[in-house]
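Trainee: Numbering (the UniProt record's numbering), first residue to last: 1 to 100.
We put the beta carbon where it would ideally sit given N, CA and C, even for glycine.
Just so it is clear, the structure is predicted and the values come from calculations on it, not from any experiment.
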Amino acid sequence: MNYYENNQSVRAQVEHHVRMSNRRTLEISGVKEVDSFDNEEFLLQTVMGFLIVRGENLQMKNLDLEEGNVSIKGKIYELSYLEEHQHGEKAKGLFSKLFK
């Protein structure tokens, strides 16, 4: 692999795209990890920070972490990004909901 191919490969890995269709289907690239999910909320670690997807009847339609792609279907209400220091607070909130 030459320098140009390697540089293109790295650039492709760090791109982050969000595509929503009719508030029913969400396609996200640049996903590093799925931290947690249920039918109302997904917490995704992306190359641009943590992304929360909130909605109703959410389901993971496709997951390919090797390529960094996730597809979610359901009724989508909200997309929001968290700063790194907010992630810890959010995770505590998720765990407290699980263990009530």
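1) Identify which residue in 51, 28, 74 and 44 has its Cα closest to the Cα of residue 15.
2) Tell me where the beta strand (DSSP E) around residue 54 begins and ends.
3) Would you list the one or two residues that DSSP bridges to residue 32?
4) Do you know offhand how far residue 22's Cα is from residue 66's?
5) Can you list, in chain order, the residues of its chain whose CB lies under 6 Å from that of residue 49, leaving out five sequence neighbours each side?
Mentor: Checking against the coordinates, here is how it stands:
1) The shortest C-alpha to C-alpha distance from residue 15 to any of 51, 28, 74 and 44 is the one to 28.
2) Per DSSP, residue 54 belongs to the beta strand (DSSP E) from 49-64.
3) For residue 32, which the question treats as bridged, DSSP gives no partner whatsoever.
4) 27 Å
5) 81
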